[in-house]
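Sequence order for the protein chains is A and B.
Quick note: the first sequence uses the working numbering, first residue 1324, plus one each step.
Quick note: the second sequence uses the working numbering, first residue 1324, plus one each step.
2 protein chains.
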Amino acid sequence: MTVRRQPLSQTQTRVLDLLSAAGRPLSAYDLLGKLRGEGVNAPPTVYRALEKLVREGLVHRLESLNAFVACSTPHHHDMATFAICDHCGLVTELTDRPLQQQLAAISSRSGFHATRMMVELHGHCAACSAKAHGQGAPDQAH
Amino acid sequence: MTVRRQPLSQTQTRVLDLLSAAGRPLSAYDLLGKLRGEGVNAPPTVYRALEKLVREGLVHRLESLNAFVACSTPHHHDMATFAICDHCGLVTELTDRPLQQQLAAISSRSGFHATRMMVELHGHCAACSAKAHGQGAPDQAH
DNA sequence: AAACGGATGTTATACAATAACACTCGTCTG
DNA sequence: CAGACGAGTGTTATTGTATAACATCCGTTT
Ligand SMILES: [Zn+2]
Ligand SMILES: [Zn+2]
Ligand SMILES: [Zn+2]
Ligand SMILES: [Zn+2]
């Protein structure tokens, strides 16, 4: 099951690099901000690059944050699972095959055929759970 | 585990009724459109009502659609699972306790403590799958 | 009476995404 | 070679989603 990968354009590469370097989700406008002065001046360019990268499975869109992250292990999956720390903004991409199967099973019980599954968990990461201990500083998303 | 329910205001009741009557997701601006002429003229009022209803567990926000639906079985859950038909717009709220437990288990492997779990499946409902049979009319979201 | 919480109104603004159209460039093709 | 084509981009404008900030109202509490 080899995945054919189209070569990336200048802008697409640049966007992917920025996301990888950030190591956290960035909004399209965050990216646009970083790309101003490099010849990219308007939203459509950024959105088009992101669209391509998502199509290629190199980037995921986090629906609950309106933001994008570089895929941690580009393996061309229709399903992405994320644990999002509402305190420090850390996002961890999880992979769990049984979960994917279970989700497909649950939905198909009602005759549903899933083509795209998104799972986003909000809460607190290990570090922040340890620190906060029930209550503490207000949540932020960086 | 009885859930204390604050009484709803006029506007909150009205928004919930509109969502229930629609039987499908509505955006905040859809709701605002229906409420103009009833004394509601600006987004904040709608968003505040929605915020309250979501807090009370009577309404869910669909992150991947930027829209809201009335909870099919208001049972005050932190977790909601939705199957969204990209063809006809039908949204089905699923409940599966084992899934919730499995998700908690998967995330807690990495020390994550989830407070809110969002699962949204996109694909085709039973009716549309039967009709389309592999390919057919373009998807729409109504 | 004064303070308070909850809801609302109002204006303005920020943030997210797309429409529509023109242009370039490399590749394929007759 | 000329022309068609696809992918990417630039540009301007617009639509859609959500919140900030501040003022008002009202019923309850003290
Ligand atoms: Zn991934
Ligand atoms: Zn954290
Ligand atoms: Zn529900
Ligand atoms: Zn359908």
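Think of the CB as a built atom: it goes at the ideal place given N, C-alpha and C, for glycine as much as any other residue.
Note that the structure is a prediction, hence the values are computed from the model and not measured.
Assumed close pair residue i, residue j - CB separation to whole angstroms, cut-off 8 Å
i	j	result
aspartate 1419 (chain A)	isoleucine 1429 (chain B)	5 Å
alanine 1449 (chain B)	histidine 1445 (chain A)	Not really, about 31 Å apart at Cβ, beyond 8 Å.
leucine 1339 (chain A)	leucine 1381 (chain A)	6 Å
proline 1348 (chain A)	valine 1414 (chain A)	6 Å
glutamine 1335 (chain B)	leucine 1376 (chain B)	6 Å
leucine 1373 (chain A)	phenylalanine 1391 (chain A)	6 Å
glutamine 1424 (chain A)	leucine 1422 (chain B)	At roughly 11 Å, the Cβ-Cβ gap does not stay under 8 Å, so glutamine 1424 (chain A) and leucine 1422 (chain B) are not in contact.
phenylalanine 1435 (chain A)	alanine 1406 (chain B)	4 Å
leucine 1342 (chain A)	alanine 1393 (chain A)	4 Å
Buried/exposed call for residue i, threshold 16 Cβ in 10 Å
i	result
alanine 1365 (chain B)	exposed
proline 1330 (chain B)	exposed
histidine 1299 (chain A)	Because chain A in this structure spans residues 1324 to 1465, residue 1299 (chain A) falls outside the shown range and cannot be described.
glutamate 1443 (chain A)	buried
threonine 1404 (chain B)	buried
glutamine 1333 (chain A)	exposed
alanine 1453 (chain B)	exposed
arginine 1337 (chain B)	buried
histidine 1398 (chain B)	exposed
Min CB distance residue i to chain A below 8 Å
i	result
threonine 1321 (chain B)	Lying outside 1324 to 1465, the shown extent of chain B, residue 1321 (chain B) is not represented and no answer is given.
glycine 1380 (chain B)	no
glutamate 1361 (chain B)	no
valine 1377 (chain B)	no
glycine 1457 (chain B)	Confidence in glycine 1457 (chain B) is poor, its pLDDT being 49 and thus under 50, which makes the residue's placement unreliable; the coordinate value appears in the next sentence. Glycine 1457 (chain B) does not count as touching chain A.
alanine 1351 (chain B)	no
alanine 1365 (chain B)	no
Residue-level contact to chain B via CB, residue i, 8 Å cutoff
i	result
alanine 1390 (chain A)	no
threonine 1325 (chain A)	Unreliable positioning characterises threonine 1325 (chain A) in this predicted model, as indicated by a pLDDT of 43, which lies under 50. A coordinate reading is not provided.
alanine 1403 (chain A)	no
glutamate 1386 (chain A)	yes
alanine 1393 (chain A)	no
alanine 1345 (chain A)	no
alanine 1372 (chain A)	no
Open item on the list: Please identify, using Cβ separations under 8 Å, the residues of the stretch 1410–1432 of chain A that lie next to chain B, in order along the chain.
Closed with: Thr1415, Leu1417, Asp1419, Pro1421, Leu1422, Gln1425, Leu1426, Ile1429 and Ser1430
Open item on the list: My parser needs the beta strand (DSSP E) runs of 3 or more residues fully inside the stretch 1346–1411 of chain A; what are they?
Closed with: With a minimum length of 3 residues, the continuous beta strand (DSSP E) runs that stay inside the stretch 1346–1411 of chain A are 1382–1385, 1390–1393 and 1402–1408.
Task: Cβ-based contacts, 9 Å cut-off: residues of the stretch 1435–1455 of chain B near chain A - done: Phe1435, His1436, Ala1437, Thr1438, Arg1439, Met1440, Met1441, Val1442, Glu1443, Leu1444, His1445, Gly1446, His1447, Cys1448, Ala1449, Ala1450, Cys1451, Ser1452 and Ala1453
Open item on the list: I'd like the ranges of any alpha helix (DSSP H) spanning at least 4 consecutive residues and lying wholly in the stretch 1416–1450 of chain A.
Closed with: Runs found: 1420–1431.
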